[in-house]
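**Student:** Residue numbers (my numbering): 76 to 405. Beta carbons: idealized from backbone N, C-alpha and C, even for Gly. Structure in structure tokens, see below.
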């Protein structure tokens, strides 16, 4: 999943200092040791052994999205882009290699007057030749457990050595210069990261003058796609990997963030009611870097997945008909 690289981005610490006391983040540099199978697979590196190293140099831009038709409030956003070089790649025949990629992540959100999140959009582009991938996520929240100011304190606690995760994985943040912080962390389920002398993630967070905001178009509306009859049953996709499912009848239509092309397979599932209400992958790492913590709220509802020539789209609709999650992958 894209969250492995996302976990090393979006930095705007709040902790005990007000935002007015801090210069905005302008760049990040560091590395991620891809020490788990899931971290390798998330970047389309299934054919390589675990343990590659991703070094990155990224720059931050503030976004000024145009107002969207279905929004009641102004939108805010951020974009981070730059180069990621993956080295120490070893394939099944023992050959070594490297990949140089361009990373571009945009996040746009709508909040109410009290600062609570109403809806958010993630766009992740990983341009790496044969291993390229892109993903769009739109989440409509029926309720949110915290406001923007509460996110850091929800996952992190202050210590004498910096700030650490409440629940794991191991993570620590410390100030190393006036306008520079150091974040070190372990990926979930990493056997080689001990949180003392070995870290999977080491990232410098640099602050300064971020410059003018970039005006961008508002997120596009979803498309309603008609589903043909007598299709093969599809895989449950990204959202289905998090939950327990039972098959249900495929509906006549489903919503997509982009056109999936000719539909080859489709599936629909009811979500098991015994599941936890909120899934926040890598929440402590994301929060330590000030990156918006993606809150996937999954309860009773229906998941529909369409696999087409141009991509795969997933739609989750909760039984309250308010909470919705749309994902498009190609």
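Please list the terminal residues of the continuous alpha helix (DSSP H) segment that includes residue 116.
**Tutor:** Translated into the one-based positions of the chain shown, residue 116 becomes position 41. 112-116 is the span of the alpha helix (DSSP H), which, as asked, contains residue 116.
**Student:** Using DSSP with H/G/I as helix, E/B as strand and the rest coil, what is residue 127?
**Tutor:** Position 52 of the chain shown, counting from 1, holds the residue named residue 127. If DSSP states are grouped into helix, strand and coil, residue 127 belongs with the strands.
**Student:** Please classify residue 337 as buried or exposed, where buried requires at least 16 other C-beta atoms within 10 Å of its C-beta.
**Tutor:** By one-based count along the chain shown, residue 337 stands at place 262. The residue is exposed, with fewer than 16 neighbouring Cβ atoms inside 10 Å.
**Student:** Residues in its own chain within less than 7 Å of residue 395 by CB, not counting five upstream and five downstream?
**Tutor:** For the purposes of this step, residue 395 is identified with residue 320 of the chain shown, where counting begins at 1. 217.
**Student:** Determine, using beta-carbon pairs with one atom in the segment 131-149 and one in the segment 301-310, whether at least three such pairs fall under 8 Å.
**Tutor:** no
**Student:** Here's the rule: buried if 16 or more other CB atoms are within 10 angstroms of the residue's CB, otherwise exposed. What is residue 111?
**Tutor:** As a position in the chain shown, residue 111 is number 36, starting the count at 1. Its Cβ being crowded by 16 or more others within 10 Å, residue 111 is buried.
**Student:** So the beta strand (DSSP E) residue 193 belongs to, where does it begin and stop?
**Tutor:** Position 118 of the chain shown, counting from 1, holds the residue named residue 193. From DSSP, the beta strand (DSSP E) with residue 193 extends over 192-202.
**Student:** In the DSSP assignment, what residue or residues form a beta bridge with residue 213?
**Tutor:** On the chain shown, position 138 is the one that residue 213 refers to. DSSP, once it has assigned bridges, lists 196, 401 as partnering residue 213.
**Student:** Below 8 Å between beta carbons: does that hold for residue 245 and residue 270?
**Tutor:** Position 170 of the chain shown holds residue 245. Position 195 of the chain shown holds residue 270. Yes, these two residues count as a Cβ contact at 8 Å.
**Student:** Taking all protein chains shown into account, do 16 or more other C-beta atoms lie within 10 angstroms of the C-beta of residue 108, making it buried, or fewer, making it exposed?
**Tutor:** On the chain shown, position 33 is the one that residue 108 refers to. In the assembly as shown, residue 108 is a buried residue. Its beta-carbon has 16 or more other beta-carbons within 10 Å.
**Student:** My understanding is that residue 302 touches residue 327, with C-beta atoms under 8 Å, so please give their C-beta distance in whole angstroms.
**Tutor:** Sequence index remark: in the chain shown, residue 302 carries index 227 (1-based). Sequence index remark: in the chain shown, residue 327 carries index 252 (1-based). The Cβ separation is near 6 Å, so the contact holds.
**Student:** Does the separation of the CB atoms of residue 314 and residue 378 fall below 8 Å?
**Tutor:** As a working note, residue 314 is residue 239 in the chain shown. As a working note, residue 378 is residue 303 in the chain shown. Residue 314 places its beta carbon less than 8 Å from that of residue 378.
**Student:** Quick check for students: name the residue ranges of the alpha helix (DSSP H) that lie wholly in the segment 305-340, counting only runs of 4 or more.
**Tutor:** 312-315
**Student:** Just to confirm the assignment, what range does the beta strand (DSSP E) spanning residue 300 have?
**Tutor:** Stepping through the chain shown from its first residue, residue 300 is reached at position 225. Taken as a continuous stretch (DSSP letters only), the beta strand (DSSP E) holding residue 300 covers 298-301.
**Student:** Under the assumption that residue 333 contacts residue 386 (Cβ atoms under 8 Å), give the Cβ distance between them as a whole number of angstroms.
**Tutor:** The residue labelled residue 333 in the question sits at position 258 within the chain shown. The residue labelled residue 386 in the question sits at position 311 within the chain shown. Between residue 386 and residue 333 the Cβ distance is about 6 Å, and since that is below 8 Å, they are a contact.
**Student:** Would you say residue 201 and residue 294 are within 8 Å of each other, going by their C-beta atoms?
**Tutor:** The sequence position of residue 201 within the chain shown is 126, counting from 1. The sequence position of residue 294 within the chain shown is 219, counting from 1. Contact: no.
**Student:** Mind checking which residues open and close the beta strand (DSSP E) that includes residue 158?
**Tutor:** Your numbering for residue 158 matches position 83 in the chain shown. Residue 158 -> beta strand (DSSP E) spans 150-165.
**Student:** Work out the CA separation of residue 209 and residue 177 for me, nearest whole Å.
**Tutor:** As a position in the chain shown, residue 177 is number 102, starting the count at 1. As a position in the chain shown, residue 209 is number 134, starting the count at 1. Looking at the two C-alpha atoms, the distance is approximately 12 Å.
**Student:** Please name the residue, chosen from 175, 165, 184, that lies closest to residue 192 on a Cα-to-Cα basis.
**Tutor:** The residue you call residue 192 lines up with position 117 of the chain shown. Cα-wise, what sits closest to residue 192 is 184.
**Student:** Suppose contacts are defined by Cβ-Cβ distances below 8 Å. Is residue 255 in contact with residue 284 by that definition?
**Tutor:** Counted from its first residue, the chain shown places residue 255 at position 180. Counted from its first residue, the chain shown places residue 284 at position 209. No, these two residues do not count as a Cβ contact at 8 Å.
**Student:** Alpha carbon to alpha carbon, how far is residue 260 from residue 321?
**Tutor:** If you number the chain shown from 1, residue 260 lands on position 185. If you number the chain shown from 1, residue 321 lands on position 246. For residue 260 and residue 321, the distance between alpha carbons rounds to 36 Å.
**Student:** Go to residue 98, then tell me how far its beta strand (DSSP E) extends in each direction, as first and last residue.
**Tutor:** As a first step, residue 98 must be located in the chain shown, where it is residue number 23. No beta strand (DSSP E) contains residue 98, which DSSP labels as neither H nor E.
**Student:** List the whole-angstrom C-beta distance separating residue 289 from residue 206, where the pair is believed to meet the contact cut-off of C-beta under 8 Å.
**Tutor:** Position 214 of the chain shown holds residue 289. Position 131 of the chain shown holds residue 206. Contact between residue 289 and residue 206 does not hold, since their C-beta atoms are separated by about 28 Å, which reaches or exceeds 8 Å.
**Student:** Just to check my reading of the structure: residue 215 and residue 371 have Cβ atoms closer than 8 Å, yes? What is that Cβ distance to the nearest angstrom?
**Tutor:** Working through the chain shown from its first residue, we reach residue 215 at position 140. Working through the chain shown from its first residue, we reach residue 371 at position 296. Residue 215 to residue 371, Cβ: 12 Å. No contact.
**Student:** Measure the alpha-carbon distance for residue 390 versus residue 99 and round it to whole angstroms.
**Tutor:** Position 315 of the chain shown, counting from 1, holds the residue named residue 390. Position 24 of the chain shown, counting from 1, holds the residue named residue 99. Taking the straight line joining both Cα atoms gives about 35 Å.
**Student:** Does residue 379 come out as helix, strand or coil in the three-state DSSP assignment?
**Tutor:** Translated into positions along the chain shown, residue 379 becomes position 304. Taken through DSSP and simplified to helix, strand or coil, residue 379 comes out as strand.
**Student:** To the nearest angstrom, report how far apart residue 392 and residue 128 are at their CA atoms.
**Tutor:** One-based indexing of the chain shown puts residue 392 at position 317. One-based indexing of the chain shown puts residue 128 at position 53. Distance between the alpha carbons of residue 392 and residue 128: 38 Å.
**Student:** Could you check where the beta strand (DSSP E) with residue 270 kicks off and where it finishes?
**Tutor:** Counting from one through the chain shown, the residue named residue 270 turns up at place 195. Careful: residue 270 lies outside any beta strand (DSSP E) and carries neither H nor E.
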